[in-house]
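Visitor: Heads up: the sequence shown begins at 33 in our numbering, then just goes up one per residue.
Ideal Cβ placement from N, Cα and C applies to all residues, glycine included.
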Amino acid sequence: MTQSPSNSHQSLYTYVECPECIACGLCELRAKNIFKYTEDGLAYVFSDKNTGTLPIKSQDIEAFKSAYRSCPTGAIKRSNQPFDKDTLV
């Protein structure tokens, strides 16, 4: 029996904890299909209005991982399950 690569299609979810964001610009630079900025310059995930409830598109996963690793404050949060939008900061 052959197995497919583990977790090759596992969903990832993300949001930005805006109070932790320092508006450095790295996330949009690395993952422009995921992150945009508010009028105050703070990052947010535009596809789901920063709720962490929609999975990242498979074609954007590598760019997301680069942005996630590059965030100097850890404001970008990630999970294998949707976030509870009622408890987000």
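In three-state DSSP terms, what is S98?
Guide: helix
Visitor: T83 bridges to which residues according to DSSP?
Guide: Note: T83 sits in no beta bridge, so no partner.
Visitor: Can you list, in chain order, the residues of its chain with a C-beta nearer than 7 Å to that of I108? Leave out the 5 residues immediately preceding and following it.
Guide: If the five residues before and after I108 are omitted, its C-beta is found closer than 7 Å to the C-beta atoms of T46, V48, C59, A99, Y100, all from its own chain and listed in chain order.
Visitor: In the structure shown, what three-state DSSP assignment does S1 receive?
Guide: Outside the displayed span of the chain (33 to 121) sits residue 1, for which this structure offers no information.
Visitor: Which term fits T78, buried or exposed, when burial requires 16 or more other beta carbons within 10 angstroms of its beta carbon?
Guide: For the sequence presented, residue 78 should be read as Phe rather than Thr. Looking at its Cβ environment, which holds fewer than 16 other Cβ atoms inside 10 Å, F78 is exposed.
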